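Add 301 to the 1-based position in the sequence shown for our numbering, that's all there is to it. Glycine is no exception: its CB is placed at the ideal position from the N, C-alpha and C atoms. Because the structure is a prediction, the values reported are computed rather than measured.
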Amino acid sequence: MCFAPSSVVEAKRSSSFLLLENVPGFLPSPSGDSIRFTPLTIEDGALVKTYQEVSWRSSNRKVATVDNKGTVTLTGKPGRTFIHATHGSSSDRIAIHVTPKKGVTLIQEKGPQYDVIETLLDQMTLEEKIGQMMMPDFRTWNGQNVVEMLPEIEQMVKEYHLGGVILFRENVVETEQIIHLVNDYQDAAEKLGLLITIDQEGGIVTRLQNGTDLPGNMALGATRSEGLASQAGTVIGRELQSLGINMNLAPVLDVNNNPDNPVIGVRSFSENPELVGQLGVAYTKGLQSTGVAATAKHFPGHGDTDVDSHLGLPEVPHDRARLDEVELAPFRQAMAEGIDAIMTAHVTFPAIDDTKVISEKDGSLISLPATLSEKVLTDLMRDDLGFEGVIITDAMNMNAISDHFGPTDAVIRSINAGADIILMPVGLQTVFPAVVEAVENGEISEKRVNEAVKRILTLKLNRGILKTDSPTPIDEQIAEAERVIGSDEHRQIEQQIAEQSITVIKNEQDTLPLSVEEDDYIVVVGSTYSENLAAAFEDVSVQTEHILLSSNQSSLTAEQQDLVEGASAIIIASHSANVAGRSPSHPHMQLYVSLSESADQPVVAVAIRNPYDIMAYPSVPAYIAQYGFRDASFRASVRTIVGDLTPSGQLPVTIPTIEGDVMFEYGHGLSW
């Protein structure tokens, strides 16, 4: 079918009741020979999907019929019909024209009543507008994890007219509990649907405790597969959508070209901006195809930093030409492909904005972070790159902001810079009235607020994030979510990604694959997550001993040494989250060097998280990268080591030596 808007004589109908499909720029996605129309009621700033007490009629049943839920079935015969929807004394209609050559054309009505966003803005108070821009977290309350709606939180949703909330791992424990919490949040919102947001990137950043974790972005980078990236986005979107979570703060489009990056790392697809863009767009399309809004982060780029913005204020020192070529390239591609939202970075970019401000921390002069910079958010993102979607800040409680700016000052600066949604403002009860006052006294223009709210409402309209008078019964929601979350289909995709990502980086003397006799045992030596690797060997019936290292252990005890000497092979389970963890001076890395150089039996190291760990123990004979600590990746590594899986992964990053030379090039990967 081909759908294109056409014009007919302007309709004079009530502005309180209309069909969503008549809103300019909004066309339905037909399924086969059917179309589902959405009736809306607008009143006093409230926007509600209204199915109750709506009667439907087709003016030409030879062309199409319509049921009492607004679902139109096309007969396949040519001609024109008007689909009429009536609610009380109000009505609306939309025309369908079927021809043999053009197929099916939807003919929208025209008139000012269909400018839904302007109608809502005209009916909203200033407080309601500002509330739409606030997205706090309610991770805990009085020291307890928030897993159900509390009266105090419900009151805050209403009092501050909140436009959204963000959920964390503490809030999303199991399916039934999540659905009840999400529904209670939506019920608390009196006029407009809430953006229910989460960080479900896949890999090391996942919030759902019962969802399909997936191996993560750098694992996808190692596969080089846009198809798998799209499937990853679809899996995440389906699971979130089934829970009523309608916005995801993903994908990460940072280009991780700094091995010392302490916060991005394997959350990035690659050091190659082209690959980041390709896989990021594929992931986004998969995610948004499920109806969940996607958010690219962290603009203009957090990849080439060596400071965690949760703890300090990083700087990207490159000139504009380099930023265009590397950092900005994936975001530009995502914008061109229609991503819903972009998250800002609490990072300074002197080449874009060299403004200096006084830090509240110590009175020193600091550069203005991108989140607070009009030159970044408006001049660059809006005017130069042409992005028209929603701009959301990174969390405003992160030290990169909260150390240097007061809570209210930071929010006012960010709104004036061009941010539409303020994520996790510090002290909502103080910030909210201060922002209202800032608009009233002209410090923030109401035009700037209106621009932000228009974008937020447009996102909600496009993604169907609306109040409804006919919600799906809770028990049906729970049953559907339990069918979707962690399904066999999703687990198979997860395992496929993991298996295609495993990268054999080094394999001297054909150490791999290992041949382990039935009466032999291997020993796994490591700290964080090493027990997971040991368990994965046990799962394939390999006798396994496990040596768990203490935090500062640089040598084996006598008992541990006996275990190592009796093993047929030594498996180093290496895990570092930052540059300090993989330093050659780290006790564990010193021990791994000793094992690599002194053992008589085969030694294989598995980099559980960052592929850069070999920088600290380059003499290890065999080395594998799995890019994350999820179960599917451990299973895939073990299958590779024992020869059940032929490796095909390619490095999505360059691995340097400690001195800064190239140890293993981008694209490197061995097989057999």
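Pair within 9 Å by beta-carbon distance, residue i and residue j
{"i": "Leu978", "j": "Ile643", "result": "No statement about residue 978 is possible, as the shown extent of the chain runs from 302 to 973 and does not include it."}
{"i": "Leu541", "j": "Leu580", "result": "no"}
{"i": "Gln891", "j": "Ile803", "result": "no"}
{"i": "Lys598", "j": "Lys768", "result": "no"}
{"i": "Phe338", "j": "Ala386", "result": "yes"}
{"i": "Val556", "j": "Asp625", "result": "no"}
{"i": "Val417", "j": "Ile343", "result": "yes"}
{"i": "Lys370", "j": "Tyr352", "result": "yes"}
{"i": "Leu495", "j": "Val458", "result": "yes"}
{"i": "Ile713", "j": "Ala753", "result": "no"}
{"i": "Leu544", "j": "Ile745", "result": "no"}
{"i": "Leu629", "j": "Pro601", "result": "yes"}
{"i": "Glu572", "j": "Tyr913", "result": "no"}
{"i": "His876", "j": "Ile909", "result": "yes"}
{"i": "Ile766", "j": "Val826", "result": "no"}
{"i": "Ile640", "j": "Gly464", "result": "no"}
{"i": "Glu795", "j": "Ala583", "result": "no"}
{"i": "Ala874", "j": "Val907", "result": "yes"}
{"i": "Val740", "j": "Val732", "result": "no"}
{"i": "Val921", "j": "Tyr893", "result": "yes"}
Inter-residue Cα distance where the pair is residue i and residue j
{"i": "Ile757", "j": "Ile467", "result": "15 Å"}
{"i": "Ser317", "j": "Asn833", "result": "58 Å"}
{"i": "Gln634", "j": "Glu818", "result": "51 Å"}
{"i": "Asp271", "j": "Gly882", "result": "In the structure displayed, the chain extends from 302 to 973; residue 271 sits before or after that span and is not available."}
{"i": "Leu678", "j": "Asn361", "result": "51 Å"}
{"i": "Ser590", "j": "Gln862", "result": "54 Å"}
{"i": "Asp770", "j": "Leu407", "result": "26 Å"}
{"i": "Val954", "j": "Gly504", "result": "17 Å"}
{"i": "Arg975", "j": "Gly587", "result": "Look at the range of the chain in this structure, 302 to 973, and you will see that residue 975 is not part of it."}
{"i": "Ser392", "j": "Arg764", "result": "24 Å"}
{"i": "Pro306", "j": "Arg940", "result": "Note that Pro306 has pLDDT 45, beneath the 50 cutoff, so the model's placement of it is unreliable and the number below is only indicative. Each residue's alpha carbon lies about 54 Å from the other."}
{"i": "Gln854", "j": "Thr829", "result": "13 Å"}
{"i": "Thr858", "j": "Leu529", "result": "44 Å"}
{"i": "Ser308", "j": "Thr376", "result": "Because the pLDDT at Ser308 is just 39, under 50, the model does not fix this residue reliably, and the value given afterwards should be weighed accordingly. So the alpha carbons of these two residues sit roughly 24 Å apart."}
{"i": "Asp821", "j": "Ala937", "result": "22 Å"}
{"i": "Arg645", "j": "Ile779", "result": "Here residue 645 turns out to be Thr, not Arg, going by the sequence shown. Taking the straight line from one Cα to the other gives about 34 Å."}
{"i": "Gly707", "j": "Arg621", "result": "30 Å"}
{"i": "Ala735", "j": "Tyr461", "result": "12 Å"}
{"i": "Met964", "j": "Val805", "result": "14 Å"}
{"i": "Pro615", "j": "Ile667", "result": "11 Å"}
{"i": "His969", "j": "Lys807", "result": "10 Å"}
{"i": "Ile692", "j": "Leu422", "result": "19 Å"}
{"i": "Asp345", "j": "Thr759", "result": "18 Å"}
{"i": "Gly517", "j": "Gln501", "result": "10 Å"}
{"i": "Val473", "j": "Asn443", "result": "18 Å"}
{"i": "Phe304", "j": "Asp561", "result": "Here the model assigns Phe304 a pLDDT of 47, short of 50, so the residue's position is not dependable, and the following value carries that caveat. So the alpha carbons of these two residues sit roughly 50 Å apart."}
{"i": "Val448", "j": "His619", "result": "44 Å"}
{"i": "Met280", "j": "Asn742", "result": "With the chain running from 302 to 973 in the structure shown, residue 280 is simply not present."}
{"i": "Pro651", "j": "Val658", "result": "13 Å"}
{"i": "Asp607", "j": "Asn879", "result": "9 Å"}
{"i": "Gln810", "j": "Leu515", "result": "33 Å"}
{"i": "Glu661", "j": "Met636", "result": "35 Å"}
{"i": "Glu477", "j": "Glu738", "result": "41 Å"}
CB contact check: residue i to chain B, cutoff 9 Å
{"i": "Gly613", "result": "Looking for chain B here will not work: only one protein chain is present."}
Cut-off 7 Å between Cβ atoms - residues of its own chain near residue i, not counting five sequence neighbours on either side
{"i": "Phe469", "result": "Asp438, Arg440 and Arg508"}
{"i": "Arg683", "result": "Gly719"}
{"i": "Leu319", "result": "Leu341, Asp393, Gln414 and Tyr415"}
{"i": "Val727", "result": "Met697, Asn698, Ser703 and Pro708"}
{"i": "His705", "result": "Leu614, Ser660, Glu661, Lys662 and Ile667"}
Close Cβ partners of residue i (< 6 Å) along its chain, the five nearest in sequence each way excluded
{"i": "His647", "result": "Ser610, Pro670, Thr672, Asp695, Met699, Ala701 and Ile702"}
{"i": "Lys755", "result": "Ile418"}
{"i": "Ala870", "result": "Leu815, Ile823, Gln902 and Pro903"}
{"i": "Thr958", "result": "Met964"}
Chain-order list of residues whose beta-carbon lies under 8 Å from that of residue i (same chain, five-residue window excluded)
{"i": "Ser359", "result": "Ala365, Thr366, Val367, Val373, Thr382, Phe383, Ile384 and His385"}
Could you tell me whether the stretch 396 to 403 touches the stretch 426 to 443, where touching means 3 or more Cβ pairs closer than 8 Å? The stretch 396 to 403 vs the stretch 426 to 443: no contact.
Report the residue ranges of all alpha helix (DSSP H) runs contained in full by the stretch 856 to 916; include only those spanning at least 4 residues, in chain order. 859 to 867 and 888 to 899
Does the stretch 544 to 558 come within contact of the stretch 518 to 534, defined as at least 3 CB pairs closer than 8 Å? yes
Let me know the alpha helix (DSSP H) ranges lying completely inside the stretch 490 to 549, each 4 residues or longer, listed in chain order. 518 to 524 and 527 to 544
Examine the Cβ distances between the stretch 884 to 900 and the stretch 835 to 847 and report whether three or more of them are shorter than 8 Å. no
Quick check on the DSSP output: what are the complete beta strand (DSSP E) runs of length 3 or more inside the stretch 778 to 811, in order along the chain? 804 to 808
Could you say if the stretch 789 to 803 and the stretch 483 to 491 meet the contact criterion of at least three C-beta pairs nearer than 8 Å? no
I'd like the ranges of any alpha helix (DSSP H) spanning at least 4 consecutive residues and lying wholly in the stretch 418 to 459. 427 to 433
Starting from the N-terminal side, write out each stretch of the beta strand (DSSP E) that is 3 residues or longer and does not extend beyond the stretch 615 to 687. 642 to 645, 657 to 659 and 666 to 668
Quick one: which unbroken beta strand (DSSP E) runs of 3-plus residues sit fully inside the stretch 323 to 400? Chain order, please. Secondary structure remark: continuous beta strand (DSSP E) runs of at least 3 residues inside the stretch 323 to 400, in chain order: 335 to 337, 340 to 344, 347 to 350, 355 to 359, 365 to 367, 372 to 375, 380 to 388 and 391 to 400.
For the stretch 571 to 622, list the alpha helix (DSSP H) runs that are entirely contained and at least 4 residues long, ordered along the chain. 574 to 589
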